[in-house]
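>
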Amino acid sequence: MTHIVDQITGHRRMRRNRKADWTRRLVQESRLTVDDLIWPIFVVPGTNVVEPIPSMPGVNRMSVDRLVEAAKEAADLGVPALATFPNIEMSLRDETGSNSLAADNLINQATRALKQHVPQIGVITDVALDPFTSHGHDGILRGSEIVNDETVEQVARAAVVQADAGSDIISPSEMMDGRIGAIRQALDDAGHQNVGIMSYATKFSSAFYGPYREAIGTGGLLKGDKKTYYIDPANGTEAIRDAALDVEEGADMLMVKPGLPYLDICWRMKEAFGLPVFAYQVSGEYAQIKAAAMNGWIDGDRVMMETLLAFKRAGCDGILSYFAVEVARALAKKG
Ligand code: PBG
Numbered sequence: 001m002t003h004i005v006d007q008i009t010g011h012r013r014m015r016r017n018r019k020a021d022w023t024r025r026l027v028q029e030s031r032l033t034v035d036d037l038i039w040p041i042f043v044v045p046g047t048n049v050v051e052p053i054p055s056m057p058g059v060n061r062m063s064v065d066r067l068v069e070a071a072k073e074a075a076d077l078g079v080p081a082l083a084t085f086p087n088i089e090m091s092l093r094d095e096t097g098s099n100s101l102a103a104d105n106l107i108n109q110a111t112r113a114l115k116q117h118v119p120q121i122g123v124i125t126d127v128a129l130d131p132f133t134s135h136g137h138d139g140i141l142r143g144s145e146i147v148n149d150e151t152v153e154q155v156a157r158a159a160v161v162q163a164d165a166g167s168d169i170i171s172p173s174e175m176m177d178g179r180i181g182a183i184r185q186a187l188d189d190a191g192h193q194n195v196g197i198m199s200y201a202t203k204f205s206s207a208f209y210g211p212y213r214e215a216i217g218t219g220g221l222l223k224g225d226k227k228t229y230y231i232d233p234a235n236g237t238e239a240i241r242d243a244a245l246d247v248e249e250g251a252d253m254l255m256v257k258p259g260l261p262y263l264d265i266c267w268r269m270k271e272a273f274g275l276p277v278f279a280y281q282v283s284g285e286y287a288q289i290k291a292a293a294m295n296g297w298i299d300g301d302r303v304m305m306e307t308l309l310a311f312k313r314a315g316c317d318g319i320l321s322y323f324a325v326e327v328a329r330a331l332a333k334k335g
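Below, the structure written as structure tokens:
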């Protein structure tokens with residue numbers, strides 16, 4: 001007897017491959033491993049400081065000594081790299097973000113300590129000026145304008161200072177025009193041919209960055225918004241064009257930020273350039289998941305894993321995620 005459904009499906013039944021755990025494992029297309037993870041972490045001055053960030057439950061700001069301990073655990077779990085962000089004293093922040101150029105600033109102290117004590121983990125550092133400016137913008141503010149070329153000169157110098165401290169990958173997030181080429185040239189001129197560039201190639205003007213701004217203490221400082229340099233969330237094609245310039249200028253790796261609301265961009269970037277593409281699951285994405293989980297409204301662990309797997313399915317080679325160590329622990333337990 002032919003069932004009505006057989007007439008409709010012509011005996012093609014998608015559920016056959018889903019029928020058991022073993023078939024599901026056999027046909028699984030995307031996989032998340034510890035090698036896909038980059039852990040963003042926040043550094044504060046002092047020693048023995050571990051400060052919770054209220055809007056990012058489970059994430060702490062740490063002094064360099066405690067950061068080294070945390071990095072050891074991450075390295076032991078197999079996490080390939082860290083991305084460090086400083087929360088410096090307000091007294092060190094000024095109009096031009098001059099502390100970004102100090103050889104012994106907080107971010108460079110962290111890099112030196114990490115390279116000395118946990119040499120097996122990669123260190124990725126951002127050169128945007130926002131942690132160093134008194135106005136919270138990523139570049140130099142003149143009047144009401146974030147000036148492009150002067151900012152590029154400064155971030156290129158900051159990149160060399162970070163590379164001198166041992167940074168493995170420079171990751172510019174300030175979205176100025178021409179920065180990738182300028183940073184590449186400055187690094188090469190300083191003999192840092194082996195230091196890579198992971199461009200925040202498509203960074204959108206997003207409301208998902210709120211908790212991060214609390215974490216580095218720029219939330220209350222920011223005057224206006226970042227719309228004159230970040231990409232409009234409405235614009236996918238413009239984002240690809242912006243990334244294409246970064247590729248021409250010498251980017252080694254590309255990033256999409258934020259992550260989950262921009263999976264279409266991840267896919268288009270991977271298709272367009274074939275370069276390694278990373279998604280940044282940003283602070284607001286993390287906070288959403290944690291908040292709902294803490295209320296018992298979602299299963300936080302499963303949602304965490306599902307979001308990270310979605311990045312892999314969308315073509316990403318890896319993910320910057322505040323969940324990185326939690327995920328690495330879970331993957332290790334699973335074996
Ligand atoms: C700025 C910068 C931002 C983030 C990292 N570096 C965005 C911003 O504050 O405008 C956001 C990261 C996150 O939300 O997790 N250079």
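Those letters in the sequence shown? Residues 1 to 335, by the UniProt record's numbering.
Where is the CB? At the ideal position from N, CA and C, for every residue including glycine.
#1: Less than 7 Å between the CB of F208 and some heavy atom of ligand 1, yes or no?
#2: Take S206 as the anchor and find which of M269, P119 and G284 has the nearest alpha-carbon.
#3: Between the C-alpha atoms of T84 and I41, what's the straight-line distance to the nearest angstrom?
#4: Can you grab the Cα-Cα spacing for the pair A310 / L260, in whole Å?
#5: Would you grab the beta carbon distance between A186 and A159 for me? Rounded to a whole angstrom, and I think it's under 8 Å.
#6: List the endpoints of the continuous beta strand (DSSP E) containing G196.
#7: Would you tell me roughly how many angstroms separate the C-alpha atoms of M255 and A128, rounded to the nearest one?
#8: DSSP three-state label for T23, please.
#9: Any idea what DSSP makes of N87, helix, strand or coil?
#10: Can you determine whether any heavy atom of ligand 1 sits closer than 7 Å to the C-beta of V214, and answer yes or no?
#11: Figure out for me which residue from A330, W39 and C266 has the closest Cα to the Cα of T237.
#12: Give me the residue from A243, I146, H3 and A291 with the minimum Cα distance to T228.
#13: Any heavy atom of ligand 1 closer than 7 Å to the beta-carbon of E51?
#14: Taking I88 as the reference, give the member of A292, G166, K290 and N108 with the closest Cα.
#15: Per DSSP, what kind of secondary structure is V48 in: helix, strand or coil?
#16: Short check: CB of F278 to CB of D317, under 8 Å?
#17: Tell me which same chain residues have a C-beta within less than 7 Å of the C-beta of S134, skipping the five on either side of it?
#18: Short check: CB of V155 to CB of R179, under 8 Å?
#19: From this set, Y209, I183, D76 and R13, which residue's C-alpha is nearest A324's C-alpha?
#20: Taking only runs that begin and end inside the region 231-287, name each unbroken alpha helix (DSSP H) of 4 or more residues, in chain order.
#21: Can you tell me which residues form a DSSP beta bridge with P40?
#22: Could you check the C-alpha separation between P172 and R268 for me, to the nearest Å?
#23: G217 by DSSP, collapsed to three states: which one?
#24: Can you find a heavy atom of ligand 1 that lies under 7 Å from the Cβ of E326?
#25: What does the alpha-carbon distance come out to for the pair G300 and S321?
#26: Which whole-angstrom value is the C-beta distance of V195 and D177, which I expect to be below 8 Å?
#27: How about L67 and V43: are their beta carbons less than 8 Å apart?
#28: Return the residue from the list A287, T218 and A314 that minimises the CA-CA distance to T54.
#29: From what residue to what residue does the beta strand (DSSP E) around R61 run?
#30: As a quick exercise: from A243, K290, A293 and I289, pick the residue whose alpha carbon is nearest that of K270.
#31: For the candidate residues A328, Y280 and L263, whose alpha-carbon lies nearest to that of A314?
#32: Tell me where the beta strand (DSSP E) around E145 begins and ends.
#33: Nearest-angstrom Cα distance between A251 and S199?
#34: Keeping to the same chain, check which residues put their C-beta closer than 7 Å to that of E51; ignore five residues upstream and five downstream.
#35: May I have the straight-line CA-CA distance separating I197 from A239, to the nearest angstrom?
The structure says:
#1: yes
#2: G284
#3: 5 Å
#4: 8 Å
#5: 6 Å
#6: G196 to K203
#7: 15 Å
#8: helix
#9: coil
#10: Reading off the sequence, residue 214 comes out as Glu, not Val. Result no, Cβ not under 7 Å from ligand 1.
#11: C266
#12: I146
#13: no
#14: N108
#15: Here the sequence assigns Asn to residue 48, which means Val is not the residue at that position. The answer is coil: DSSP assigns N48 none of H, G, I, E or B.
#16: yes
#17: R93, D94, E95 and L221
#18: yes
#19: D76
#20: 236-249 and 263-273
#21: A83
#22: 21 Å
#23: coil
#24: no
#25: 14 Å
#26: Not quite, the Cβ-Cβ distance comes to about 22 Å (not below 8 Å), so this is no contact.
#27: yes
#28: Residue identity differs from the one stated: residue 54 is Pro in this sequence, not Thr. Closest by alpha carbon: A287.
#29: N60 to S63
#30: A243
#31: L263
#32: E145 to V147
#33: 6 Å
#34: V44, N60 and R61
#35: 18 Å
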